[in-house]
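Each residue of the sequence shown is one higher than the one before, starting from 1 at the first, in the numbering used here.
Every residue, glycine too, gets a C-beta built ideally from N, C-alpha and C.
Reviewing the structure listed below.
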Amino acid sequence: MTPETDADYCMRGHRVPALEPAVIRDVAYRVCKIIGINKASFKNGKAEKVVSRLEHHGIHLDVIEDDEWIDATRATVDPSKGMIYVPNKLYTDLCRGKVEAVRIFLHEMGHIVLGHRPLLHFAEEQATKLEDSEWQADYFADAVIDLLKLPKSEAQIEFKF
């Protein structure tokens, strides 16, 4: 993968104040410590406890029935209300410790803990990835995954014939 220059970068989210990777990693570390998130937190059947602890810190999860969910996104967040919205199928996968569901959940949590609020900019200069709310939330999720040494992809079964 070739690194993008700021001139080539295409924003995927709202423009927010720039955060350096080291700052995001520090936030990830502090959040895990304060909430009590560790490697075992996302093992099969334990995610409910993480969700409960998050509620004590003002971060709430609203599980929407699958038939009511609009499939435009896999999850969504309202940082101003501390609300993460997920379809039931994603919540079920999160509770089963599915890697992709854990990453999506951490990504949405990242929007809240990083304090994302859309900014109106009439700046002439192009925004950088450090100002992209989606890049920051992705980086937060990856930082937590790295910190906790969680798997980055589902294990594959190998059949030998």
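*Beta-carbon proximity list for D71, same chain, < 7 Å, skipping 5 on both sides*: Same-chain partners within the cutoff: there are none.
*Check whether the segment 14-25 touches the segment 70-88, counting contact only when three or more Cβ pairs, one atom from each stretch, lie closer than 8 Å.*
Below 8 Å, too few C-beta pairs join the segment 14-25 and the segment 70-88 to call them touching: fewer than three.
*Look at the alpha carbon of K149 and the alpha carbon of Y139, and state the distance between them as a whole number of angstroms.*
If I take the Cα positions, the gap works out to 15 Å.
*On the three-state DSSP scale, how would you describe V144?*
In the three-state scheme derived from DSSP, where H, G and I count as helix and E and B as strand, V144 is classed as helix.
_If you reduce the DSSP assignment to three classes, tell me which class V16 lands in._
Secondary structure at V16: coil, using DSSP grouped into helix, strand and coil.
*Is P87 helix, strand or coil by DSSP?*
Three-state result, P87: strand.
*Going straight from the alpha carbon of P87 to that of E100, what length do you get?*
Across the structure, P87 and E100 are spaced so that their CA atoms are roughly 14 Å apart.
*asked:* Tell me the rounded alpha-carbon separation between M17 and L94.
replied: A small correction: the amino acid at residue 17 is Pro; Met does not occupy that position in the sequence shown. Rounded to the nearest angstrom, the two C-alpha atoms are 30 Å apart.
*Where H111 falls, given that 16 or more other Cβ within 10 Å makes a residue buried*: Counting Cβ neighbours within 10 Å, H111 comes out buried, since at least 16 surround it.
*Classify F161 as helix, strand or coil using the three-state DSSP reduction.*
Confidence is the limiting factor: at F161 the pLDDT is only 44, short of 50, which leaves the residue's position unreliable, though a coordinate-based value still follows. The answer is coil: DSSP assigns F161 none of H, G, I, E or B.
*asked:* Quick check: the Cα distance between I157 and P151, rounded to an integer number of angstroms?
replied: For I157, the predicted model reports a pLDDT of 47, less than 50, meaning its position is unreliable; a value from the coordinates is still stated below. When rounded, the distance between both Cα atoms is 15 Å.
*Between P118 and the rest of its own chain, which residues show a CB-CB distance below 6 Å, the 5 nearest in sequence each way excluded?*
If we look at P118 and ignore the five residues flanking it on each side, its Cβ neighbours are H14.
_Three-way DSSP call (helix, strand, coil) for H107 in this model_ = Correct three-state label for H107: helix.
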